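The structure appears below as structure tokens.
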């Protein structure tokens, strides 16, 4: 211990003696460790931590899909199906259902749109969560006609009820009905979305309707399961498939063979983190590379420092210090540097924490589990110590032998061949990493640019969207919804800043208000119908296409005559027309989206619109007249004129004018929606650019340092050359050549590594070939330029010295 | 025989500034060196011997004064021009040989010719000629570290002379050699001078100094004695 304290004392004195060099080293370490700590805190919270549920690893999400659905999307479960699986499963300890609804809550006078999770009574029991206030749901709560009760989510309780501990048994009005609050749940990662409240199935009018309870085709529920102890998920999957086959055989009318109904089961933890994983892996790779480059640079700096300390170390050895003792002293110094850098890095992580949590929250509900806990602190400590050992060990092991040092004159201190080789290898490594980061940043920039330049198929300029989820208790019939929608349009068109407006169930770049259905066409034979795809459909009014400048390619758009009483019509997109009628004419063909209950005549073809994201393929799309398929989700699209102020307030007022108890869900500009669509690639691009830039700065400083140091080492040689006639340009070339050789090796190896690494980016970049010749050329150019700039300064510095000055070293 | 002036130093001063302290290494040096001269520069440590040799070899620039080489004032020349002159007109021998460790003896000797841009075949011929002249023909592919001190100094002499310069400057050429090798090197220098090579040598060794034609003594950066008695006897002889 005493020896350790002595070593720490030496290390402290050395830091003070070389404060600028020490500061550079600490800052370099801080950025490397800080970025890794920040990203690790997300990895820890989202991927490594156990779910805050009892036996969270046993929780599964069960999905039902049909082979024709793109990406095997979940088509959900009906109540009879859930009952079947619940009754027949022997591998699942519990099975619970969930679906979400929007309610209008009237609390403190103002209507608020809230998200409600409608769950079976065993839902919280399945998750193993107990309320922090009041009680959980009980089996009796599921019985039809039971008391309307609600459970508050932790965040909603904090936000809406100011964490009032006396909230239990208070009543609130929701959709014209009084509900009693029976409990408050702790914060937990919710799936598939974050809810404000939870209600039992008996409270949901849709779920408790006869039509839903007994209709096997009314599939609207998510299903969660918990596998029994000692049962693997694969066993559960096998059993679920067996049950599914049994159900299909027993009810063939509901499961046409050609639809290919399938059952899928995934661990809840996997489902919760599916969206964030690719980004996290990229960010982890980036920050790890930055840490590598930081360590490499620090090792180089320590090596350079140490080469001028050879004499000091030799003296220590000469007066009795053992080799182990000297190595321990050098390690103490480097570990101390890394620990200080680690503490500073922790502050960097804390500063970036809120931004990273906000970003994570857009991709997973597990963001609430992210914290700077003991695991993160341990990680920071571990990488600090490991970094310190690695960066200290290489210089310690490359220490010259005593006899060699003592033989050299004091002012001729120079690094050993071994330490020179290590330094060169470290610089080459930095070039490799810089190449990967810079190339990746270039790819992402190109990708982001491509996303920005994608023609979305509509004009977002001056378009704002107000979303309203109509109170289904009040607006349950088509004519009620149409009446509200028509009045809303009139009110909107009367506003001075509105040039014209439109009503629809959705808008571009939104999944909200879009439904999926198996397509049927009257021009296909029965057998052919089975091969038709599942298509998106949405409801739009006659102004929708004009307002968004969506091009009409053939036929007509909707008109005001396409109302609830007129013959059903449809407009399809180009993608669908080209795919299904490559050699024929789709106009006047009839399509059905409800298994043949109603048929819509195709009256027009419009150009493709990017519906699910700028980087996503345009799906087959069907547009139906809003008046013919009214929807409780109303999107009011307005085209603004002039420079209006307080649009949101004015728009809300036109809603309240119609119904003072009807809340507005959101008001957004189409431009903001477009921008948020590229938020994730933007963040990755931003991080890559920042870390790529940082890597380049480190590489520049590294190569400049090593070239300067090497030039200093070679000063006598350069003096000799100069004395026998080498001109300054010869000396400059000699110095620069060294930098160029190292950078050339680094660049060649960087190209090879990047070719492998770039494959990982295939799913992330858009419209860019991951092997981009242009990207390689630009990266090579930039890195050569950097090598040149970094070498040229020390080279010129040397060239201005007279031979006499060079030889005087 | 008419003396041809090779180098002429007029009122040369050299002042060093180290940590704001001004040190006059050379003061008011006036000196002429003729072609064929063999001059020794002696004096106590720190008297400015090596600085004077650096001035003569254009390794450093004077703070004041003029330096004429072959009738041209080179004291205001830039680094590139001086390098060219050094390459063509001046050969150097250092106390610690200053061979470049990464290069073979051949490459070391060849180096001045490489900088001069001479063709490879001619370079080879000249290197071999001078290696033979100093008795290093068998060691051309050796690295300096594989040679004895005497061999290294002979290789350094070959490198200094391979470009056939006007003057050979030697800074304590026997300082790091044992007496046997010292004698060999001094004999070599004498022979070279006899063949017409102008030599200017810094030395501590009185005996070696006595072997030169002109003995210049420095003290505190000034020439305090210029003994040309040997020169006269040499001319008489």
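Chains as they are written, first to last, in this note's numbering: chain F, 1 to 809; chain E, 1001 to 1237.
C-beta atoms are modelled at their ideal positions from N, C-alpha and C, and glycine is treated no differently.
Here the structure is a predicted model, which is why all the values come from computation and not from measurement.
Does the Cβ-Cβ distance between residue i and residue j come in under 8 Å?
i	j	result
residue 458 of chain F	residue 343 of chain F	no
residue 725 of chain F	residue 1112 of chain E	yes
residue 1216 of chain E	residue 1041 of chain E	yes
residue 435 of chain F	residue 783 of chain F	yes
residue 1025 of chain E	residue 1051 of chain E	yes
residue 746 of chain F	residue 432 of chain F	yes
residue 183 of chain F	residue 131 of chain F	yes
residue 778 of chain F	residue 442 of chain F	yes
residue 698 of chain F	residue 28 of chain F	yes
residue 1106 of chain E	residue 1141 of chain E	yes
residue 1058 of chain E	residue 1090 of chain E	yes
residue 655 of chain F	residue 603 of chain F	no
residue 395 of chain F	residue 437 of chain F	no
residue 766 of chain F	residue 615 of chain F	yes
residue 76 of chain F	residue 64 of chain F	yes
residue 361 of chain F	residue 367 of chain F	yes
residue 1163 of chain E	residue 1048 of chain E	no
Excluding five sequence neighbours on each side, which residues of the same chain lie with their C-beta closer than 6 Å to the C-beta of residue i?
i	result
residue 128 of chain F	53, 54
residue 515 of chain F	537
residue 111 of chain F	104, 661, 663
residue 179 of chain F	148, 150, 172
residue 349 of chain F	34, 37, 38
residue 627 of chain F	482, 563, 564
So, is residue i buried or exposed, given that buried needs 16 or more other C-beta atoms within 10 angstroms?
i	result
residue 67 of chain F	exposed
residue 1224 of chain E	exposed
residue 606 of chain F	buried
residue 1180 of chain E	exposed
residue 477 of chain F	exposed
residue 1086 of chain E	buried
residue 157 of chain F	buried
residue 629 of chain F	buried
residue 387 of chain F	buried
residue 19 of chain F	exposed
residue 94 of chain F	buried
Leaving out the 5 sequence neighbours to the left and right, which residues in its chain are closer than 7 Å to residue i when beta-carbon positions are compared?
i	result
residue 235 of chain F	91
residue 741 of chain F	none
residue 8 of chain F	332, 336
Near residue i, what residues of its chain come up, given a Cβ to Cβ distance below 8 Å and the 5 sequence neighbours on each side ignored?
i	result
residue 255 of chain F	247, 248, 261
residue 138 of chain F	121
residue 1039 of chain E	1033, 1199, 1200, 1201, 1212, 1213, 1214, 1215, 1216
residue 407 of chain F	Residue placement at residue 407 of chain F is poorly supported in this model, since its pLDDT is 47, which falls under 50; the coordinates are not used for a value here.
residue 559 of chain F	542
residue 364 of chain F	46, 189, 272, 273, 275, 276
residue 1185 of chain E	1150, 1153, 1154, 1157, 1173, 1174, 1177
Give me the residue from the options with the minimum Cα distance to residue i.
i	options	result
residue 390 of chain F	F/782, F/649, F/299, F/291	F/299
residue 1054 of chain E	E/1012, E/1178, E/1121	E/1012
residue 385 of chain F	F/784, F/62, F/339	F/339
residue 521 of chain F	F/229, F/346, F/596	F/596
residue 497 of chain F	F/647, F/173, F/487	F/647
residue 801 of chain F	F/749, F/787, F/60, F/712	F/712
residue 757 of chain F	F/748, F/771, F/271	F/771
residue 114 of chain F	F/487, F/74, F/195	F/195
residue 1008 of chain E	E/1101, E/1075, E/1143	E/1075
Could you check if residue i belongs to the surroundings of the ligand HEM, using beta carbon to heavy atom distance under 7 Å?
i	result
residue 753 of chain F	Judged by which ligands are present, the structure shown has none, so any question about the ligand HEM falls away.
Check for me: the alpha helix (DSSP H) holding residue i runs from which residue to which?
i	result
residue 792 of chain F	773-799
residue 577 of chain F	574-580
residue 1038 of chain E	Looking at the DSSP string, residue 1038 of chain E is not in any alpha helix (DSSP H); the run it does join, the beta strand (DSSP E), is 1038-1042.
residue 1193 of chain E	1179-1194
residue 1130 of chain E	1120-1133
Check for me: the beta strand (DSSP E) holding residue i runs from which residue to which?
i	result
residue 630 of chain F	First-last for residue 630 of chain F: undefined, no H or E at that position.
residue 1092 of chain E	1090-1093
residue 589 of chain F	Segment: none, residue 589 of chain F is in no beta strand (DSSP E) and carries neither H nor E.
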